[in-house]
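Some notes on the structure that comes next.
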Amino acid sequence: AHSKNKLYMKPHTRTTTSRVLSECDIEKSIYDNNPDMKYVKENFDRQTSQRFEEYKERMRKKRQKCKEQCEKDIKQIILKDKIDKPVEEKVEKVCLICGCGLGGVAAGVGLFGGLGIYGWKTAALATAIAEGAETAKAAGEVARIPAAIDAVIAGIIKEFRVSTLGVQGLQSLFTAQNYNNVTKLALAINSEYNASSCLIGGSGPATDNSICPWVLEKSLAAPKIPGKFSSTYNSIEVAVKSIVLEAETVAQRAVEKATEEAIKASTEAVESIYASFQIAIIASVVALLIIVIVMIIIYLVLRYRRKKKMNKKAQYTKLLNQ
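Residue numbers (our numbering): 193 to 514.
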């Protein structure tokens with residue numbers, strides 16, 4: 193049904209030509225012969241090619257710039273390495289040479305120093321013994337006479353049971369010249385006996401003399417020896433001779449002791465000097481060894497650090513080259 197109030201729909205008609213290439217129109221020959229389409233295609237190809245060329249040029253410049261920067265960095269690394277490497281190598285070489293040199297010096301000091309002071313010790317001991325023997329001779333002579341006199345006095349007191357102070361003229365015989373004079377000593381003791389009254393019933397101050405029991409003992413012992421007559425003087429002389437011989441033995445022991453002490457003092461002085469030399473050499477060797485160890489440790493540390501740095505530089509250079 194038709195109504196007068198119904199709006200009239202005017203159909204839409206295109207006024208422009210669409211340039212969209214549909215799939216069904218791609219192979220149509222009309223686009224190849226169309227001048228506008230030709231122009232569009234040529235313009236698109238030209239702009240695309242130009243943009244690709246510009247992109248390639250930019251990338252080429254960037255790569256060139258990166259390459260130049262990498263080469264510059266590598267040159268700086270190589271230059272720095274060339275500057276640092278000789279210094280580090282010199283320090284390492286100095287430490288190694290010093291360590292080896294001081295190690296040789298320490299060994300030389302320990303070996304030749306020890307041999308040297310041992311040779312000195314041998315010669316010094318021989319000299320000390322010779323000098324000690326000369327000193328001991330004088331010291332022994334000084335010690336011999338007092339020891340012999342003391343032995344004679346002790347022997348007389350022990351044998352005759354008398355005080356040497358109470359025997360007249362006996363004290364004057366205790367000298368370096370007369371202490372071993374048996375005759376004078378026997379006469380002095382015999383005169384003391386003659387001055388005494390040792391016989392039974394005797395009177396006088398000498399009846400209490402301690403030599404009397406000794407004389408009585410020797411008098412009773414004499415007849416027991418068959419075919420031998422012994423007077424009091426002979427008994428005293430024999431006893432004194434025995435005392436003097438024993439005193440000489442004591443004196444000889446005193447001389448030997450004095451000689452030994454003098455030689456010991458001389459050798460102890462040499463041993464003391466030798467010990468001080470040994471301590472000095474040992475201290476020197478220990479100090480040198482400590483320095484050697486420190487030098488070797490420094491060398492190893494520097495070498496380790498240099499190798500580590502070189503490895504890092506090699507890795508960095510490799511990365512830059514990539």
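No residue lacks a Cβ here, since even glycine has one placed at the ideal position from N, Cα and C.
Original post:
From residue 444 to residue 344, what distance separates their C-alpha atoms?
Top reply: Computed Cα separation, rounded: 14 Å.
**OP:** Indicate whether the contact test is met: 3 or more Cβ pairs, each with one atom in the stretch 365-383 and one in the stretch 429-449, closer than 8 Å.
**Re:** In short, these stretches touch, since the Cβ pair count reaches three.
Original post:
Could you give the distance in angstroms between the alpha-carbon of residue 457 and the alpha-carbon of residue 439?
Top reply: Approximately 27 Å, taken between the alpha carbons.
Subject >> Every unbroken alpha helix (DSSP H) within the stretch 228-269, with a cutoff of 4 residues, ordered by chain >> reply: If only uninterrupted alpha helix (DSSP H) runs of at least 4 residues are considered, none is enclosed by the stretch 228-269.
Original post:
Grouping DSSP H, G and I as helix and E and B as strand, with all else coil, what is residue 501?
Top reply: Shown here, residue 501 sits in a helix according to DSSP, grouped into three states.
Original post:
If residue 341 and residue 378 are in contact, beta carbons under 8 Å, what's the gap, nearest whole angstrom?
Top reply: Not confirmed; about 17 Å, so no contact.
Subject >> CA-to-CA distance, residue 449 to residue 381, given in whole angstroms >> reply: Residue 449 has its alpha-carbon roughly 32 Å from the corresponding atom of residue 381.
Original post:
Can we count residue 497 as close to the ligand FAD, meaning its CB is less than 7 Å from some heavy atom?
Top reply: In the structure on display, the ligand FAD does not appear, and there are no ligands present to speak of.
Original post:
What is the DSSP secondary structure of residue 373, counted as helix, strand or coil?
Top reply: The answer is coil: DSSP assigns residue 373 none of H, G, I, E or B.
Original post:
Under three-state DSSP, which class holds residue 368?
Top reply: DSSP places residue 368 in coil when its eight states are reduced to three.
Subject >> Spatial neighbours of residue 351 in its chain, beta-carbon cut-off 7 Å, leaving aside the 5 residues before and after >> reply: 431, 435, listed in sequence order.
Original post:
Alpha carbon to alpha carbon, what distance is there between residue 455 and residue 468?
Top reply: Approximately 20 Å between the Cα atoms of the pair.
Original post:
Among 255, 347, 460, 240, which one has its Cα closest to the Cα of residue 441?
Top reply: The option with the nearest alpha carbon to residue 441 is 347.
Original post:
Taking all protein chains shown into account, do 16 or more other C-beta atoms lie within 10 angstroms of the C-beta of residue 487, making it buried, or fewer, making it exposed?
Top reply: Buried, since its Cβ has 16 or more Cβ neighbours within 10 Å.
**OP:** Given a cut-off of 8 Å, decide if residue 283 and residue 494 are closer than it, judged by their beta-carbon atoms.
**Re:** Closer than 8 Å, so yes.
Original post:
Can you name, in chain order, every residue of its own chain whose Cβ lies under 6 Å from the Cβ of residue 504, other than the five neighbours on each side?
Top reply: None.
Subject >> Which of helix, strand or coil DSSP assigns to residue 225 >> reply: Three-state DSSP puts residue 225 in coil, outside helix and strand.
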